[in-house]
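Chains as they are written, first to last, in the numbering used here: chain A, 1 to 261; chain B, 1001 to 1261; chain C, 2001 to 2261.
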Amino acid sequence: MQADLLNSAHRTRTAHLLQQHAPLVHCMTNDVVQTFTANVLLALGASPAMVIDAGEAAQFSAIASALLVNVGTLTQPRAQAMRAAVDAANRAGTPWTLDPVAVGALSLRSEFCRELVHLHPAAIRGNASEIMALAGASSGGRGVDSTDTAAAALPAAQWLARESGAVVAVSGEVDYITDGQQTLAVHGGSPLMTRVVGTGCALSAVVAACCALPGERLHNVAAACAMMKHAGAQAAEGRGPGSFIPAFVDALHAQHMEVNA
Amino acid sequence: MQADLLNSAHRTRTAHLLQQHAPLVHCMTNDVVQTFTANVLLALGASPAMVIDAGEAAQFSAIASALLVNVGTLTQPRAQAMRAAVDAANRAGTPWTLDPVAVGALSLRSEFCRELVHLHPAAIRGNASEIMALAGASSGGRGVDSTDTAAAALPAAQWLARESGAVVAVSGEVDYITDGQQTLAVHGGSPLMTRVVGTGCALSAVVAACCALPGERLHNVAAACAMMKHAGAQAAEGRGPGSFIPAFVDALHAQHMEVNA
Amino acid sequence: MQADLLNSAHRTRTAHLLQQHAPLVHCMTNDVVQTFTANVLLALGASPAMVIDAGEAAQFSAIASALLVNVGTLTQPRAQAMRAAVDAANRAGTPWTLDPVAVGALSLRSEFCRELVHLHPAAIRGNASEIMALAGASSGGRGVDSTDTAAAALPAAQWLARESGAVVAVSGEVDYITDGQQTLAVHGGSPLMTRVVGTGCALSAVVAACCALPGERLHNVAAACAMMKHAGAQAAEGRGPGSFIPAFVDALHAQHMEVNA
């Protein structure tokens, strides 16, 4: 496995670009993580907006800077609205990101995610079990938890990147980000990030935001992973999962504010 | 532009009334802000309840003290349920408040909000872009962000107040509250309030709660704005957006507790 | 009324079992409390997953360790999905827990909950007004607030336990847990727990998780109540409701970590 470390200057540069461009991120995400996702994007200087009616979602993804599709609490009507949004995003040139939450064992989302893979996502972000299941390399993890390491999922991620044209990010103890040719690794973070709901889903939203930035997409997506891991390591210091949450959002905001300093 | 400052005694008096009456606020609001909205109302001594099925919403708005209709994540079934709730509220004499989130560019909510304006809301609370779009004075902001100042929206707010019979609150760096004749201004708050999701939506819920209190509605709505700005200024002191959230709820609760002291 | 105090060793033992078994809890719960519920379960070492499409919910409840059905924001499609999940859970032997939020005055949930009572729940957790309404002993409280004490609801709880076969937990200033024969009492907690949304709903999720553990169900459910009251008392010390929330999750996590020490 060949993976280069992301140069830490990329994280700082991407934080700066996020503030400068303030991308408007259309989030079609699951019920559990909406507030946290919005606050994470706001802390980094991006603008979240959740629009879910099929007609409105199509209107909005055409004017948004980026679109996020997260299937965590998928239903048939939501799948329809997501299809409409992805279609409008593709026609308008809005980059969109897929988070295939718990894909594998559950039928509706698994079929839907396999359909979405062929609709030109800019990025795909999942844990190891999700990326392997989406690539057909396994039947998925136990619900939302990954039962595999990110390194084990790297071949599947690389295959998926080539198949879909997306930058694929596999998050875990180490995050791997690949376009199918080049692969970057991002270290850091904290185990506490897995004891708080929504850190992975919020990362996908930050990935979506970074797909709207100028520059190389592979590096932008890796920088999204690096911003989250950096904040996670800072916030975990001596804290439990409850106090981790506000500290994590503060730490993201500090990266945003450093840009101004 | 003529706007009188709200006398600060009104804020204290309204905090006292909120505790005394503990209004039961039926919140039909968007997916992103439900938890925060509920905790804000609870901190001030009000009782939130979210009931969304059309049949149940009609039953509940008839027995609630107040109803909030927020179109942030509107869908067709939710619009139907909101119609049923507004209709039942009007028949029962329950005052109801409209928060026209992101009205303007998106069709479903824009048509729905224009319909609601004529169904006798007690109050309407929005940012400048939303109030201008609802009054037909502009096509709305960029998603949920306001691109106009509250002062620029004041003529639209005054027109809307006369047209609808509602007290209209335009929130921004300064909040303006008008019944179409008299206009009050509320200063304070913090820029951090715009870096946290749901402060505007939660304000609308507090406005809804205050519409259930005795006394002059214009002053009660302005006091709702003042309670939020007061807590926001206190909570922002030396904090990032993550730690702002619990501090803000604590600061609201402190206003509630001062009443007991 | 005869109620024995829960031996405090049961709380510690159950915290240990939760960590050891890490039950995967399928939460079909209301829109307002999803994030908090997930974070509470994670803090205690359990794994939450929210799956809501009818087809997927049936698939998932068959592989989950436990299922939670909370009717707080019930709609017709959600009731259908919950029916499918309960049916699959019963066929797979997955224990499921009912939280009959605000049952009584509202038609859809009241009929649905009365139907569910006869579908072999492992546990039912509600406040006094909810348990009395579910047992047909009263018409329910004012929305989600209880207007009765837990002690007053004990005869209804005991009857409901015998009628349904479930362990019934009535939470209040004192929690009572009964299987219709034996009754346990759990003291502690803090009034601040009623000024924060979702503590009751999250308790139901912990009850659901504890129904997946080995040992006597009556004691496991009482231990769930005790873990929450213990954390609540610790977190309330000198705090307002905003800062209570992260402190509460930290305090639950501390119970989980003590197990490791």
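The C-beta atom is built at its ideal place from N, Cα and C for all residues, glycine as well.
| Asked | Found |
| --- | --- |
| From A:Thr183, A:Arg91, A:Pro48, A:Ala22, pick the residue whose C-alpha is nearest to that of A:Val33; which is it? | A:Pro48 |
| How big is the Cα-Cα spacing for B:Cys1210 and B:Ala1202? | 12 Å |
| Counting only runs of 4+ residues fully inside the stretch 1112–1157 of chain B, write out the alpha helix (DSSP H) ranges in chain order. | 1128–1134 |
| B:Val1168 by DSSP, collapsed to three states: which one? | strand |
| Tell me, to the nearest whole angstrom, how far the beta carbon of B:Ala1057 is from that of B:Ala1084; I am working on the premise that it is less than 8 Å. | 6 Å |
| Specify whether the stretch 2190–2198 of chain C and the stretch 2008–2023 of chain C touch according to this definition: at least 3 beta carbon pairs, one from each stretch, less than 8 Å apart. | no |
| Applying a beta-carbon distance threshold of less than 8 Å, which residues of chain B neighbour A:Thr75? | Within chain B, no residue comes near A:Thr75; the closest Cβ sits about 11 Å away, beyond 8 Å. |
| Is the stretch 1022–1033 of chain B touching the stretch 2072–2080 of chain C, taking contact as three or more C-beta pairs under 8 Å? | no |
| Indicate whether at least one CB of chain C lies closer than 9 Å to the CB of A:Ile245. | yes |
| With a threshold of 8 Å, are at least 3 pairs of Cβ atoms found where one atom belongs to the stretch 2127–2137 of chain C and the other to the stretch 2099–2115 of chain C? | yes |
| Using a threshold of 9 Å, state whether the C-beta atoms of A:Arg125 and A:Val186 are closer than that. | no |
| For C:Met2082, I'd like the list of residues in its chain whose CB is within less than 6 Å of its CB, leaving aside the five on either flank, ordered along the chain. | Met2028, Val2069 |
| Taking C:Asp2031 as the query, report the chain B residues whose CB atoms sit under 8 Å from its CB, ordered along the chain. | Asp1031, Gln1034, Met1050, Ile1052 |
| What is the residue span of the alpha helix (DSSP H) that A:Ala208 lies within? | 199–210 |
| Taking the alpha carbon of C:Ala2135 as the reference point, which residue from C:Ser2164, C:Val2051, C:Asn2220 has its own alpha carbon closest? | C:Ser2164 |
| Between C:Pro2241 and chain B, is the shortest Cβ-Cβ distance under 9 Å, so that the two count as touching? | yes |
| Please classify A:Val118: is it buried, with 16 or more other beta-carbons within 10 angstroms of its beta-carbon, or exposed? | Position check: residue 118 of chain A holds His in this sequence, whereas Val was assumed. By the 10 Å Cβ count, A:His118 comes out exposed. |
| On the three-state DSSP scale, how would you describe B:Thr1035? | helix |
| Mapping DSSP to helix, strand and coil, what is C:Met2050? | coil |
| Quick check: C:Asp2179 and C:Ala2161, are their CB atoms within less than 9 Å of each other? | yes |
| Please return the same chain residues whose Cβ sits closer than 7 Å to the Cβ of C:Ala2043, not counting the five positions on each side in sequence. | Val2249, Leu2252, His2253, His2256 |
| By the three-class DSSP mapping on this structure, what secondary structure does C:Thr2012 have? | helix |
| Put A:Asn90 into one of helix, strand or coil per three-state DSSP. | helix |
| Over the uninterrupted beta strand (DSSP E) stretch that includes C:His2026, give me the two end residues. | 2024–2028 |
| Quick check on the DSSP output: the alpha helix (DSSP H) that includes B:Asp1250 runs from which residue to which? | 1241–1258 |
| Could you list which residues in chain C have their beta carbon closer than 8 Å to that of A:Ala102, in chain order? | Ala2049, Val2051 |
| A:Glu56 CB to nearest chain B CB: under 9 Å? | yes |
| Can C:Trp2096 and C:Leu2067 be called in contact, C-beta distance under 9 Å? | yes |
| Between which two residues does the beta strand (DSSP E) carrying B:Leu1067 extend? | 1066–1070 |
| Taking the alpha helix (DSSP H) that C:Leu2184 falls in, what are its first and last residues? | Taken as a continuous stretch (DSSP letters only), C:Leu2184 belongs to no alpha helix (DSSP H), being part of the beta strand (DSSP E) at 2183–2186. |
| What are the residues of the stretch 1183–1196 of chain B that lie near chain A, defined by any Cβ-Cβ distance shorter than 7 Å? | Arg1195, Val1196 |
| Shortest alpha-carbon distance to C:Ala2089 belongs to which of C:Glu2111, C:Arg2109, C:Ser2061? | C:Ser2061 |
| Against chain C, with Cβ distances strictly below 9 Å, would A:Gly126 count as a contact? | no |
| First and last residue of the alpha helix (DSSP H) that includes A:Leu44? | Note, A:Leu44: premise wrong, no alpha helix (DSSP H); not H, not E. |
| If I follow the unbroken beta strand (DSSP E) through B:Leu1098, where does it start and stop? | 1096–1099 |
| Please work out which residues of its chain come closer than 6 Å, Cβ to Cβ, to A:Leu116, disregarding the five sequence neighbours upstream and downstream, and give them in chain order. | Leu98 |
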